[in-house]
Every structure is written in structure tokens, then in C-alpha cells.
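A quick write-up on the structure given underneath.
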Amino acid sequence: MTSAIIAAINILTKPLRESSVHDAPSSHQKALCAALRANRAFLLEQLQSEPSFEEVRRLREEVMEAADWFSSSTDDAAWDFAQECLLLLLTLVRHLSAELKVFHQTPAASAPKYRTPEIAPPLPPDVLSVTQQKMLGAALQFVVSLGLCPYLAPGVGVPLSHRSAFGAMVENLVCGGAVPAVGCRLLNTTNVLLQLTELSSLATLVFTQHLGDVMAALCQLGYQPHREERSGTKEQKMQELSAEERQTCREALESLVGKVYQPIVIKELLILQGGPKQSGALSSSSGSNSRAALGSAPAWLSRLCGQLLSKRLMQPNGVQAVVRAILGGGTGHESDWRKCEGVARILVTCPQQSTSRDSYYRDVCPQILDLLHFKDKLTAQQFQRVATRAVLLVVQERPSFAQQYLLTPLLSPLHRCTTASSKGHSSAAVEEWELTRCLEDVYKICVVGNSPSATFLKALEQVLPIIFTLFCFTKQNVSHLRAPCQEILLWYLRCTEKCAALSALRQLSGLQGESNKVAAVLCFSPGSDGGARPRSRESCSDEDDALYEKLSDEQWRLECLMQLLAELKDSDLPGDFFLDLLQELTSWAAAEDEDKEDEQQLDVSAMTLLEVEHQLLGRAARQGQRLALLQVLAVMVESLHHTMLLRKSTQVVDFMVSLLQRACVGLDQATGPSLGNPVESQMLSMGMGLVATMLSGPQLSSEDYSSMSRLLLPLEKLSQLHSEVVIQELASNLRAVIATHAAYRPENLGTAAHPSRIPPIMKKQKMPTEADNTKSSPHSPPLDSNSQSNTQTGQPVSSKRSATGVGPKDGGRNSGTSDPCPPTKAFSDLLLEACDPDLPTRAVALRILTQMVKNGNPEAVQAQEKVLMLFLENLEHEDSFVYLSAIQGLATLADSYPERILEKLLEEFQHGPSLPTSNKEHSLEARLKVGEVLMRTSRAMGELAPHLGRPLVAVFLQGTRDSDQSVRASSLSNLGELCQRLDYALGPLAQELSSCLTALIKTEKEAEVRRAAVHVITLLLRGLSNRTTQVLCDVLLDLYRALKWVVRSDPDEVAVLHAQLALEELDDVMKRFIFPEQKLEKKIVVLP
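By the numbering used here, the letter at position 318 of the sequence shown is numbered 328, and the numbering carries on one by one without gaps.
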């Protein structure tokens, strides 16, 4: 029966036959009218003549009798055709409804007798095939095109002429003449379509293709205002809809927009609302066709759509529906960013239909935060953009509502961490997923949104200590929360004002009480999903353990804070914080004398015990604050590079102001003539040398002199009160130069700018200026080479040695790798200075000799035996700066002249130092230092290792049998470095090497030696790589068994770890051997 009804619909809607085309008139409209009449007549003929359509004819007549709107005598071919389509559709609805009723009443009759899990359930009778759905879709298109759209008022819905050329022709056909009973025809068509939606299978066809048209018809029928026409006839007044019919249409519209998928409803309402009155973000939401079709909607329709949209927005999940409707499937292009901005603006604007702003933001703000939690990658990015922008707009435009409904719920897990920790049940108060979600949301809004506002920064400032405590925890563990915490903290420090940032840094460093309170009560434990869970800090019963835990925790927090500051590479904040701490240190130094005077004048006998206790506690608290300040300063200087602490010249001036003020404070505290502190005098001299260097620079601007004017007062005080005449004269000269803007420049100003007086933290920054000044000023002496060494060792350097013109290249910051400057002395003088008792002079001379050997200096080549003896003598020196320079020199000698030098070094390594001046008691240390030289030499051999390495292998194998465990471990370490570079030359030595290593692994008692033996195997496998199976084919099994023995039986965990690493290397080698990499190569063979 269903097939027969759909076949009848197909007869009515199928295209014209060929015979009908030749008889059709020339006009398109007339041809369409003729086709509609012909198809309707052919259908009626088939219904009367075909026996298969008898039941269809009967049901059609029943429906026609019940339809009081049907009229068979009209001259409008389009409406007659539309009526016929409506009758057939109602016939189909009646039939399917009856079949469904029977299907639901007797489900057992249609089910098989024996049901198994594999048998599919029976299909309901309203399920249609794809072909049937296509036929019904064509019928619905005719109904909408002929019976609904032509009767819509101008501006209501998308006109047919904007949809297709056929639609324009249909519109001209229907509207060409006077159409009676427009409202009744529109009402009848709409009612039939609504009856179709009562069946789920037919409702899908209607809503997916014609939802907007049905909504437009219901809006017009229910809400279009009446036009009062004085000359209206009685017949025209009867055509108007009654109040009951209009109310029914309104209720149908409310029901329709409530039960259909909300994003589709919102999209259709936006289209109905019209294009010109919408913003660019909204007008681009419905595709190119809809954008072209949007026109100016009537005022009543725009207001109605606005009201309906506001209701959709304020209902549960309304925000998500609006976002889905407007964005659809975003692709991340610029247009999507604009749409996200438009949607966010819509969400932030309170509609007029809302009862109050408070209720609107109370309903909408939680939904905005929920947009941040989508996991689907396709929609999450667009939703997060909208949510981030909406949050920032609310914070900027409605700060009071944002604080109450956005920021408080957003940061609630962080606030509950401290409140719950103080009560002792933090693990149950804040779950791991809550804390993770909170940090991710804050990261998305802060870092991704990147639109700082005062309200948001103030709210974030309250939870900053908690985030920092969590960041310190993540630095000690593996957690995915480390990056969000770090980025949030850096974003706050970059975006907030300078005073707030400095206050936050003081708080995080422990110089203010809030951070200490948080750290005292709150700590975290690892979560099961890689996050963290807050917990209360357990109190230690032992006071020593509690003190150690507190101090180590404070030290770790400072290190983490320095790591954060190190990330602020392009910011002045680290330098400002450093100078702020120095200024506070100066103020405390000035207040120290006053505290001592108060203590001397304090009469303890006249005080009560409570007052005495309060006085002592206050003094202890002040001392604790001073110690904390010194600790922060020490960690900053140790951890941060000087280019971060003093980036600008103004910061250097501020540093000098602080330094000179502290010196002046020391002068004020001195009550009589004294020799003074030599360390403070030297520091003051170096500081004024820095000022002289700045003044010696070319092209100083007036702004530079203006900033230096703050140095005038402390320089004047130093020139009058300091005990040293040199410092007084230097301060007076500097003051004169600054005051006159360099119009007066004394001749000895260049001496003041001597590099030996410049602190190491500024030497690298000021070296180019000094070089320029040296060239321009004939009075300035050459550069000092030993200033860094002098600073490190704390020993004064004589003026004779400081004028040698030899110094580290980069100011001595990395003494182990810096290259010395080209020598300016005779070779004999360098040999003498290499024996100088002054340690910096000796070390610098050794480094210059090393450079001369490396560059192939003729004098160094001729005297290589003397240089060798000199290096061997200094190798036994106890100072690390000296013997490391000797080690570097010996390695350079061995690399340059391996045949003659290696033999001597191997003899020293085997038998100990052979020089007459050698200390036999320290022979072990000397042998180990020679071993370090041999290891560096082995690394530098490169491709010459197979040729030069044979004697070294023999000596190292003998060293594995030495009586001292350190020599055995050193020999094995050197053996591993050398074997890593021997390649195929290891073949003849494989058996001997394997026997040695296997015996040491299984019989050696010292764990350190066993570790070294296993490490040799690791280096061996790593160096041979793919050649392992060729070179070690005979001993590979023995080495594998030895490694497995270590993993199973060795009690030392480090040795076991080394063995596991070696097994991993062997596993990679064998995988590459068994499964070689497949290469797509084309081989061309030339046949003979």
C-alpha cells in the first residue's frame, strides 16, 4: 500500500514525457502550467483505471472529504497541483499511522518464532527506502514552491527568485495574477506540513529541507499585523485569519522551535531576521547562497526573531547552540576569527527580553566556561576562541558580574586548595581533574586570549602563590601541569604593572608573608593521571628534620623563581627586581646603626617579661628578613646572567647608586679613623672604575648624564669622608666629569677605567667600549689580563703583572674553555711566569703556552721538551685552576706531537711521576690527572685512533690490574673512549678485551670498577654500531651473557642500570642486523 501511494506521488511529480514536450507552448510559464495540468489529469486517470490504485483512490477520497479546504473548481493550475500533492501526502500519513498503530499493538505477530541475538528487529512500517525518500522530497518541493513560498509576504523568508531560475519562474507564475485567499492557502499548506512532522520518518524530510519555510509561514500566520483597509469588501475580510487560528500558529511555532535541534533553529531564525541589520559576523554564518538571499525583513519579523533568539540563548545549553549555529564547521581562517568575535559579542550583550542583567549573566556565564571543556578537536578550537573572547569581554565591560559569575567559579579550585589545607582535608576538597581543568582554563584565557585587564590580573594575583607552589612541585616531578603553570606565571609578570610585578616577586621569593603561609600549609602529591592533588603538609616531630625541610624547600622555591626570571629574556623586570632588593639592602644597612643605638638605650630592667619577649621576637624577625634578602640576592647573582640583571645603562646607574649609597652608609657608621674593610674598598674601586668606563664611552647623550646626576651626592660624600686618598681623588674626578657633562676630563680618568677595576659581571658588556677608549686615549693603559683571576682567588695582583696585556677572552667567565688573547711577551718570560708563585699569573701563562703550541709557534715547537716538563710539574699543583690548565696543555701537546708525547704520558700513567721534584705521596692524583690527559687525547685522535691507539690499549689493559681501584676505573674509562673510535682495528683485540671485561664484571669486588667495565661495553657497542656483528662476531655472545649476569646477579643498582643500557644498545644493533632498512634503489647492471 505504501509503495502504491508513493507510486501515485511519482506519477504526479515525474518530468514531462517526450510527447508532451512537442505539444507544449513556447512560453515557459505556459509550458509549466500545461505540464502541471497534464500530470494531474494523468494521475486522476490512473487512479480511476488502474486496479492497483483502487485502495489509494479510496483513501484519497476519504482524506478529500475530511479536508474542508480542498476545492476542485479553481482556474489556478499551480494551486490545483499543490492541492493534489497535499492530498496524496495526507493519504500517506493516514496509511502509515494506521500501520504503525497495528505494529505497536501486535508486536509478537510480526516477530519470528525463535529470536536470536543475530536476528535484526523488525522494521516499522514508516521506514522508507532511499528511492521513496527521493520521491517524497520532490513532492515536498512542489508543495513548498507552489503552495507556501508564493504566499509569503515580501521580506518573510528567502524568496523563490533567490534560490534558482525555476523558483523565479514559479514565483512569476503564481503572483502574476490576483491570488484570492492568500492567508487560507498558506494556512492549509502549513497545517498539512505540520501533520507530516507527526511521523518521525516524514519529519526528517520536512525539517532537513524546509524548516525555514515552515517557520517563516508560522511567523507570518501568527504574528503579522493586520492592515486596515477602509475599502475592503466583505469577502476580503472573511479571508483574514481568526484569533484562534493565529494563536494556534503561535503555539505551533513555539513547539517547533523547542523540539527541533537548536543550532538549526537558531540558524534559520538568523536568516529570517534579515541580512542588512546584522553584523558581518552573523551575516556570514549561513553560507554563500543564504548570504545572497538575505534581504530586508519587516520590523515585526525582526523583533520576533530577536525575541526567539534571546529565548534560545537563555535556555539550558543555549550558548552552545548559538555557537554551533553561527560557527558551524569552522576552518580556522580569518573569517572564523571574525565570527568568533561576533558570537562572543552576542553572548556578552544582555538582551532586552531578559528580566535583569544579573539573571542573564548568572545563566550564561557558566555555559561560557563549559565551552572551554570540549574534547573534540574539530569544535574545541572554535569553542575555545569564543569562550576566551567572551570571558575577556565580560571582564572588561562588566567587571562586577565577571567577578561573581566567571572569575570566582573559574579560580574556585585554587582557592579551595588553601582553605581546605588549613582545615586538613584538602585531598577530598579538590580532585585532580578539578585542578587540571582549572589550570587549563586559566591558561586558555590568559595565555591564548592574551588580553590583560586590571580585574583579571587582580583576581589572578590572589592565587599566584598557589600556582607557584604547584609549579615548584611539577619541577620536581613529571607532570603535564608544568608548562601551563609556567606560562601563566610568565604571562602575569609580563602583563601586570611594574609595581605589582615587583610585589608579586617579593611575595613568591618569601620576602613577604603570604607566600610563606601558603608554602607552610600547602603541598602537592602526584595524581594518577599525571596531574597533582593538594594535601596538607605533615608536621615533623624532629626539629632538625623540620628545619632542614623548611630550608631546602625555601631554596628550591628560589631556584624555581630564578628559572622563571631567566625566561624573561626581553624584559627589564629581573633587573628592576635586583635593583629593588639592593635598595632595600641599602636602607637596612642605614637602619642597622639606629637599631644598635636603640638597643644601647633600651632599659630592660624597666620592662615587663612580655615586652622583653616582644622586643626579642621583633629583633629576630628583622634579622630573618635580612637573611632572606641576602639569600635571594645571592641566588639571583649566581643563577642569572649579568646581561639580564643589568640590561640598560639606566639599570647600571641604579646599581652604582645603590653601591655608593651603601658605601656612604658605611662612612656614616664609622666613628673614628680606621683602615676600613679592604674588600669593600676594592668593590668600591671597581664600581667607580665601571662609572669611569661608562664616561669614557663615545657619544653619551644628555639623558645618560641626567641619569648619572644621581651619583653626584654620594660621590661628593666619598670624596670628602673616605679614608683612602685614591678613592677620594677618583670620586672627585668622576663627580667633576658628570657635573660638567665631560667638558672637564682629567688625564687620569683612563686609569680609573682600567679593566682590573671593572667587576666581572660587567666586563663582557663593556669590553668593546674599553677597546675603543684604549685606541682613542693615549693615557689609558693596556687591558688587564688577570682581573678575573684576581677576583676569583681574592689575591691582589701587582701593577707590574696587571700591565702585561694578557687576559681571558670573555672576561674569565668560563675558565675551562676560554681562549687567551694573543701573547705580547717573549717566550722566555712566559716560561718564567709559568713558575710564578702567583696563581693567576701562572695559570694565564700556561694557557698562553697552550695556545702557542696549538698554533704551531716556532719557539714552542723547538722547546717542546721544556714545555712538556713545565706542564708535568704544574700537573701536580693542588689548585684546580693551575692543574686544569696543565691538563689542557698536555692534551694539546699530545694532539700536535703524538709520537713523542704519548710515550712520555703513558710512562707517567703506568709508573707515576718521574720528575725529581715530584711528590711521591701524591703520585695517585698525578696518575689520575695523566689519565684525564690521555682520555682527552683519545677523543681528539679521530681517524688516527687505529694507528696511534695500540700502545694506549696495552697500557689501559695493564691498568685494569692495578692495585688501586681509582686507577682501574680510570683505565677502563679511557679504554672505553678509545675503543669507541678503533672500528675494525678492534678485531685482533676482541678476545683479549672480552676476557678482561668479563673477568672484571664477575670477579671485581669494587662496584665502581664493575660499573666502568659495563660502561666500556656500552661505549663499544655504541661506537661500532652496525659493524658490531662483523668486528665482535666471536665474542658477542660472551659479552651478552656477561651483561645478563650483571642484570640478574649484581647487587649494585648503578651497574645494573649500565648493563640495561648496554643491552638496549645491543638490541638496537641486532634489530638493524636482522631487519635492515628497506631502501628503494634501482640497480642498473650492464651485461657483457
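Beta carbons are placed, not taken as given, at the ideal position from N, Cα and C, and that holds for glycine.
Reduced DSSP category for residue i - H, G, I as helix; E, B as strand; rest coil
i: P536; result: strand
i: G866; result: coil
i: A904; result: helix
i: P1086; result: coil
i: K385; result: coil
i: S659; result: helix
i: Y754; result: coil
i: S13; result: helix
i: R426; result: helix
i: W79; result: coil
i: D993; result: helix
i: D972; result: coil
i: A227; result: helix
i: T116; result: coil
i: S581; result: coil
i: V1026; result: helix
Identified DSSP bridge partners for residue i
i: A542; result: P536
Nearest residue (CA-CA) to residue i, options the options
i: M666; options: L744, L982, K1093 and G222; result: L744
i: P912; options: L882, P494, I477 and T446; result: Note that residue 912 is Leu in the sequence shown, not Pro. The shortest Cα separation from L912 among L882, P494, I477 and T446 belongs to L882.
i: V1056; options: T1008, R1082, T1039 and P908; result: T1008
i: E594; options: R636, S581, C674 and E577; result: R636
i: D586; options: H652, A191 and A936; result: H652
i: L694; options: L705, M718, M704 and S668; result: S668
i: S546; options: P536, L532, E553 and D554; result: L532
i: A149; options: L46, C194, A77 and R67; result: L46
i: S581; options: A741, R504, A511 and Q641; result: R504
i: T446; options: H383, G338, T860 and S906; result: H383
i: L944; options: L988, L967, H425 and A979; result: L988
i: V73; options: L721, L100 and L57; result: L100
i: Y893; options: A511, M862, G866 and K939; result: K939
i: E548; options: D539, E559, G540 and G541; result: E559
Residue j beta carbon less than 8 angstroms from that of residue i
i: A92; j: T199; result: yes
i: V405; j: T465; result: yes
i: L856; j: A896; result: yes
i: H499; j: L583; result: For the record, residue 499 in the displayed sequence is Leu; it is not His. Not a contact, by the Cβ cut-off of 8 angstroms.
i: V329; j: V374; result: yes
i: A901; j: A950; result: yes
i: I5; j: V168; result: No statement about residue 5 is possible, as the shown extent of the chain runs from 11 to 1098 and does not include it.
i: L279; j: L323; result: no
i: K485; j: C570; result: yes
i: S162; j: A227; result: Before going on, a small fix: residue 162 reads as Leu here, not Ser. In contact: L162 and A227 (Cβ atoms closer than 8 angstroms).
i: Q391; j: L381; result: no
i: L106; j: T12; result: yes
i: M891; j: A936; result: The displayed chain sequence assigns Phe, not Met, to residue 891. Not a contact, by the Cβ cut-off of 8 angstroms.
i: Y994; j: V1045; result: no
Environment of residue i [buried if 16+ CB atoms lie within 10 Å]
i: C315; result: buried
i: E843; result: buried
i: I1084; result: exposed
i: N49; result: buried
i: Y754; result: exposed
i: P544; result: buried
i: S300; result: Note that S300 has pLDDT 43, beneath the 50 cutoff, so the model's placement of it is unreliable and the number below is only indicative. So S300 ends up on the buried side.
i: V663; result: buried
i: H1025; result: buried
i: F152; result: buried
i: P25; result: exposed
i: Y371; result: buried
i: G232; result: buried
Residue i CB to nearest heavy atom of the ligand HEM below 7 angstroms
i: Q692; result: For the ligand HEM, the structure offers nothing, since it holds no ligand at all.
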